[in-house]
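Structure, as structure tokens:
Protein chains: 2
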Amino acid sequence: MRMNKKERQKLLTETIQDNPFITDEDLAEKFGVSVQTIRLDRLELSIPELRERIKNVAEKRFEDEVRSLPIEEVIGEIIDIELDHTAISILDVKKEHVFVRNQIARGHHLFAQANSLAVAVINDELALTAKANIQFTRSVKEGERVIAKAKVAKIDQNSGRTTVEVHSFVNSEVVFKGDFEMYRSGKIID
Amino acid sequence: MRMNKKERQKLLTETIQDNPFITDEDLAEKFGVSVQTIRLDRLELSIPELRERIKNVAEKRFEDEVRSLPIEEVIGEIIDIELDHTAISILDVKKEHVFVRNQIARGHHLFAQANSLAVAVINDELALTAKANIQFTRSVKEGERVIAKAKVAKIDQNSGRTTVEVHSFVNSEVVFKGDFEMYRSGKIID
DNA sequence: CTACTATTAGTACCTAGTCTTAATATCTCG
DNA sequence: CGAGATATTAAGACTAGGTACTAATAGTAG
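Line by line, the protein sequences are chains A and B. Position one of the first sequence corresponds to residue 1 (the UniProt record's numbering), numbered consecutively onward. Position one of the second sequence corresponds to residue 1 (the UniProt record's numbering), numbered consecutively onward.
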């Protein structure tokens with residue numbers, strides 16, 4: 001009934017991977033060996049103790065949290081901005097952006113990058129999108145880097161309505177085009 | 001220099017909140033009191049010990065992980081669908097969807113809901129958005145429920161190009177309108 | 001039979017606590 | 001000022017879930 005060392009260690013790795021909250025004692029019982037054997041196994045496999053594992057999971061969550069905040073505020077990373085004129089952002093397409101089936105980026109992520117860049121380029125407290133006319137000219141795959149360039153095309157001095165053109169590229173190939181008509185609350189800050 | 005109990009306990013709560021990884025010893029040093037005092041404080045405030053706190057953070061991360069997967073696949077919850085005809089989804093606007101400053105939903109979330117509904121309504125393995133013409137007719141606030149209704153308007157039998165109209169409502173008031181021109185890979189499944 | 005690997009056992013020690021009892025310190029009110 | 005209440009500190013026994021190390025035993029291959 002009892003498996004050999006190699007098998008046990010393989011299973012041990014898997015078991016801990018999908019449940020890092022298991023103690024050596026529980027593992028020993030699960031595999032029908034002594035606690036000491038489990039500890040030797042962990043030592044050989046360089047698997048840290050329960051508390052360390054839990055801590056790692058917790059710390060990773062903290063990192064993610066810090067990382068997810070800026071993602072929420074602006075989709076993509078703004079690398080250049082000249083208020084009311086131009087702005088550029090980059091977005092690295094990762095597995096969370098693509099369809100599972102074909103690894104093609106979901107449209108709304110490209111839209112989100114462009115839209116939030118259009119919001120950012122406007123020099124106003126409250127910029128909202130009123131209308132948009134967009135076009136996806138080529139599908140973007142996981143691993144590609146999308147560079148979005150926004151240009152303020154027109155500002156209506158009375159209403160404040162601002163038209164922003166955004167073109168997104170992968171290796172100088174246009175993958176997305178969008179005209180955004182933006183609404184701004186206050187007066188134009190110069 | 002040393003603050004009173006009330007002040008200390010208030011600060012203690014905050015300190016632990018934004019760094020759950022701090023030990024009683026470090027806290028004692030930070031507040032210039034003994035470790036025992038910190039422990040009494042935690043007891044009074046029902047703050048669990050370090051290891052429990054870390055475990056909670058880790059467990060929460062595990063829960064979140066499970067929860068964040070379905071959110072990725074379809075934005076909003078599909079409540080009705082008739083392939084190649086109509087579909088309806090709802091999206092409850094929460095704080096993660098809005099601008100911090102004014103609690104207005106960021107445009108790309110409404111777009112994402114509409115776009116992913118347009119993708120879903122199409123009876124094909126691979127549906128991609130080619131173009132979209134959208135309009136945000138009223139701003140949506142945190143706490144509101146957006147109901148998106150998609151209608152397939154036209155299917156080009158040769159190219160497979162499909163036009164989907166999406167209207168989104170909050171309490172029967174139109175908040176978003178969009179015409180999506182969708183591209184489908186294979187033939188139309190009937 | 002010996003050499004080697006694998007397993008088990010036992011001991012001392014560690015961290016970051018809990019729980020309990022008891023001794024001080026400090027504050028407050030009459 | 002002093003008594004009582006509240007706050008703080010200390011000390012001791014115990015806990016989980018380990019590490020690190022030494023030593024004994026079991027099983028197997030040459």
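Every residue, glycine too, gets a C-beta built ideally from N, C-alpha and C. All values reported here derive from a predicted model rather than from experimental measurement.
Q: Determine which residues share a DSSP beta bridge with A/GLN135 and list them.
A: Residue mapping note: residue 135 of chain A aligns to position 135 of the first sequence, counting from 1. A/LYS177 and B/LYS131, per the DSSP bridge assignment.
Q) Taking C-alpha atoms, which residue in A/GLN113, A/LYS131 and A/GLU142 lies nearest to A/ARG101? A) Indexing the first sequence from 1 puts residue 101 of chain A at position 101. Checking every option, the nearest Cα to that of A/ARG101 belongs to A/GLU142.
Q | Nearest residue (CA-CA) to A/SER46, options A/LYS154, A/GLU96, A/LYS10 and A/ARG161 | A | Against the first sequence, residue 46 of chain A aligns to sequence position 46. Comparing alpha carbon positions, the residue from A/LYS154, A/GLU96, A/LYS10 and A/ARG161 closest to A/SER46 is A/LYS10.
Q: Keeping to the same chain, check which residues put their C-beta closer than 8 Å to that of A/SER68; ignore five residues upstream and five downstream.
A: Walking along the first sequence from the start, residue 68 of chain A turns up at place 68. The pLDDT assigned to A/SER68 is 39, lower than 50, so where the model puts this residue is not dependable; a value taken from the coordinates is nonetheless given after this. Cβ within range, chain order: n/a, list empty.
Q. With distances taken from CA atoms, which of B/PHE62, B/SER172, B/GLU173 and B/VAL164 is nearest B/THR86?
A. By 1-based counting over the second sequence, the position of residue 86 of chain B is 86. When each option's Cα is compared against that of B/THR86, the closest is B/VAL164.
Q) In chain A, which residues lie less than 8 Å from B/ALA120 when you measure between Cβ atoms? A) Walking along the second sequence from the start, residue 120 of chain B turns up at place 120. Under the 8 Å cutoff, chain A gives no residues; its nearest Cβ is about 12 Å from B/ALA120.
Q. What is the residue span of the alpha helix (DSSP H) that A/ILE38 lies within?
A. In the first sequence, residue 38 of chain A corresponds to position 38, counting from 1. Taken as a continuous stretch (DSSP letters only), the alpha helix (DSSP H) holding A/ILE38 covers 35 to 45.
Q: Please classify A/LEU91: does DSSP put it in a helix, a strand, or coil?
A: By 1-based counting over the first sequence, the position of residue 91 of chain A is 91. Reduced to three states, the DSSP call for A/LEU91 is strand.
Q) For B/ALA105, is the beta carbon positioned less than 7 Å from some heavy atom of the ligand ZN? A) Among the components modelled here there is no ligand, and therefore nothing to report on the ligand ZN.
**Q.** B/MET1 classed as buried or exposed, judged by whether at least 16 other C-beta atoms fall within 10 angstroms
**A.** Counting from one through the second sequence, the residue named residue 1 of chain B turns up at place 1. With a pLDDT of 43 at B/MET1, under the threshold of 50, the modelled position of this residue cannot be trusted; read the value that follows with caution. B/MET1 should be labelled exposed.
(Q) Need the endpoints of the alpha helix (DSSP H) that B/ALA148 sits in, please. (A) Translated into the one-based positions of the second sequence, residue 148 of chain B becomes position 148. It is not in any alpha helix (DSSP H) - B/ALA148 instead sits in the beta strand (DSSP E) that spans 145 to 155.
Q: List the residues of chain B that A/LYS60 touches, going by C-beta distances under 9 Å, in chain order.
A: Start at 1 with the first residue of the first sequence, and residue 60 of chain A comes out as number 60. The contacting residues are ALA58 and ARG61.
Q) Given 8 Å as the limit, is there contact between the region 117 to 137 of chain B and the region 55 to 64 of chain B, that is, 3 or more CB pairs closer than that? A) Contact between the region 117 to 137 of chain B and the region 55 to 64 of chain B is not established, with fewer than three Cβ pairs separated by less than 8 Å.
Q) Is the shortest distance between the beta-carbon of B/GLY107 and the beta-carbons of chain A less than 8 Å? A) Start at 1 with the first residue of the second sequence, and residue 107 of chain B comes out as number 107. Cβ-Cβ to chain A under 8 Å: yes for B/GLY107.
(Q) Relative to the C-alpha of B/MET182, which candidate in A/THR137, A/ASN171, A/MET3 and A/ASP18 has its C-alpha closest? (A) Translated into positions along the second sequence, residue 182 of chain B becomes position 182. Nearest of A/THR137, A/ASN171, A/MET3 and A/ASP18 to B/MET182, Cα basis: A/THR137.
Q) Can you find at least 3 beta carbon pairs, one from the region 167 to 183 of chain A and one from the region 105 to 112 of chain A, that sit closer than 8 Å? A) yes
Q: State the DSSP-derived secondary structure class of A/ILE16, mapped to helix, strand or coil.
A: Indexing the first sequence from 1 puts residue 16 of chain A at position 16. A/ILE16 falls in the helix class under three-state DSSP.
Q.
Checking the sheet assignment: what are the DSSP bridge partners for B/ARG184?
A. Within the second sequence, numbered from 1, the residue matching residue 184 of chain B stands at position 184. DSSP lists B/ALA127 as partners of B/ARG184.
Q) Can you tell which of B/ALA148, B/ASP124, B/ARG161 and B/VAL119 has the C-alpha that lies nearest to the C-alpha of B/VAL93? A) Position 93 of the second sequence, counted from the start, is the residue given in the question as residue 93 of chain B. Among B/ALA148, B/ASP124, B/ARG161 and B/VAL119, the Cα nearest to that of B/VAL93 is on B/ALA148.
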